[in-house]
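Following: one structure in structure tokens, then a few remarks.
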Amino acid sequence: MAYWLMKSEPDVFSFDDMMAKTKRGEPEQWHGVRNYTARNNMRAMALGDLAFFYHSNIGKEIVGIIKVIALAHPDSTADLNDKGQVVWECVDVEAVKPLPKPVTLATIKATPELENLELVKLSRLSVSKVSDAEWAFLCKMGGL
DNA sequence: GCCAACGTTGGC
DNA sequence: GCCAACGTTGGC
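So, in structure tokens, the structure goes:
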């Protein structure tokens, strides 16, 4: 099983929105990704993989955990390319639980153990990898 | 609102 | 295939 981190702007789609959707039994399609690296990360996801839910721009903190419940499939909100092929894809996710103590970007940057976290190193990547060690460390910092 | 980092586009 | 110009993201 692999670990990931997925960004969302909370004024567009927050972790509260995510939890409400899961409570209603609706999967969230992680649509709108238009970056090849991020798409490739989604293609590499397996069912049951876990991801941190990060609030970008507003809050700038990891606020919860989500789970992959459907493998990458065509993003219905994306246009086809000039050959009529699907280029962009998305996975479906559901909320698992919030972090008791959200972990801010400032805290992450001040933590030597997390200096290689892709969230920090590749700050513009919206779907990034998290190593096993980083995942365990961040869970602990988040009060789990 | 500014700017750094990075991806994409288009001219050559 | 290189590189300058431009657009976008996201932190500050």
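Each residue of the first sequence is one higher than the one before, counting from 1 in UniProt numbering. All C-beta atoms in this analysis are idealised placements derived from N, C-alpha and C, irrespective of residue type, glycine included.
- Comparing alpha carbon positions, the residue from Phe52, Ala106, Ala70 and Ser128 closest to Cys139 is Phe52.
- By the 16-neighbour rule on beta-carbons within 10 angstroms, Lys121 is exposed.
- Ranked by Cα distance from Asn116, the first of Val96, Phe137 and Pro98 is Phe137.
- The criterion of a C-beta distance shorter than 8 Å is not satisfied by Arg39 and Trp4.
- Residue state for Asp49 is assigned as coil, using DSSP reduced to three classes.
- Per DSSP, the continuous alpha helix (DSSP H) segment holding Leu119 begins and ends at Glu118 to Lys121.
- Asn41 is positioned such that its CB atom lies closer than 8 Å to that of Lys129.
- Between Ala78 and Gly84, the alpha-carbon positions lie close to 12 Å from each other.
- Burial state of Lys97 is exposed, judged by a 10 Å Cβ sphere holding fewer than 16 other Cβ atoms.
- Along the UniProt domain "EVE" (2-141), the beta strand (DSSP E) occurs as fully enclosed runs of 3 or more residues at 3-8, 50-55, 61-74, 89-104 and 127-130, listed in sequence order.
- Rounded to the nearest whole angstrom, the C-alpha separation of Gly142 and Arg43 is 27 Å.
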